[in-house]
Structures are given as structure tokens and as C-alpha cells.
Amino acid sequence: MTMTLLTALQYYGAGAATIAALVVSLNLGRRITGWAFVLFVTSSIALIGWGFLDKDSEGIGWQNVALLVINAVGVWRYLISKHEVRD
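Numbering (my numbering), first residue to last: 93 to 179.
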């Protein structure tokens, strides 16, 4: 695996998670929050790739496996489910 790809995965994952966290914290509504969770999902996928492809980053990979599940629940809850979100 090239270092360029690993670096791109690492920095995309970190940047996307930061932007998604900002959007969620702004509480701009259900649909926008749902799209922030989609961004979190892409971040988790990138960090899973980086974590398992880089020999010293397996812990980040496993952490993001768990976060991927949590973020998928957020996508379901805010974009797919028709139930009202509680305040």
C-alpha cells in the first residue's frame, strides 16, 4: 500500500469527521443532521481502511468499525426512519 493512499485515507477520515461533528453540533434540522451522519459513515470507512492497511493503526480500524455501526444508526434515524426524533 502506498503511503500517499494511507495518508489520504487518514486525513480524509479526520477532516470528514470534524466537519460532520460541527454540522451535528449546529443542530440545523433533521435532514442536514442525517447528511452529516452520511459524512460520518464515509469518515469511518476511510479510517477503517487506513487502520487495517497501516501496520501500526489497527486500533483506529476497530474503533471505526464500532463507529460505523453507530453512524449507520444515525443515518437510519435521521434520513430513513419516518418516526419523529425526540428532543
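In this text, a Cβ means the ideal position worked out from N, Cα and C, and glycines have one as well.
Residues of its chain near residue i, where Cβ-Cβ distance is below 7 Å and the 5 sequence neighbours each way are ignored
i: Gly126; result: Val167, Tyr170, Leu171
i: Val77; result: Absent from the model: residue 77. The displayed extent of the chain is 93 to 179, so no value can be given.
i: Asn156; result: Ser136, Leu139, Ile140, Gly143
i: Thr96; result: none
Nonlocal neighbours in the same chain, by C-beta distance under 8 Å from residue i, ignoring five residues either side
i: Leu98; result: Trp142, Leu145, Asp146
i: Asn119; result: Thr125
i: Gly151; result: Gly143
Beta-carbon gap between residue i and residue j smaller than 8 Å
i: Ser135; j: Ala112; result: yes
i: Val116; j: Ala100; result: no
Closest by C-alpha distance to residue i, when choosing among the options
i: Leu159; options: His175, Val130, Glu176, Ser173; result: Val130
i: Lys174; options: Val157, Ile152, Arg122; result: Arg122
i: Gly153; options: Leu120, Thr110, Gln102, Glu176; result: Gln102
Own chain residues within Cβ distance below 6 Å of residue i, not counting five before or after
i: Ile185; result: Absent from the model: residue 185. The displayed extent of the chain is 93 to 179, so no value can be given.
i: Leu114; result: none
Cβ contact (3+ pairs, closer than 8 Å) linking the region 95 to 115 and the region 135 to 154
yes
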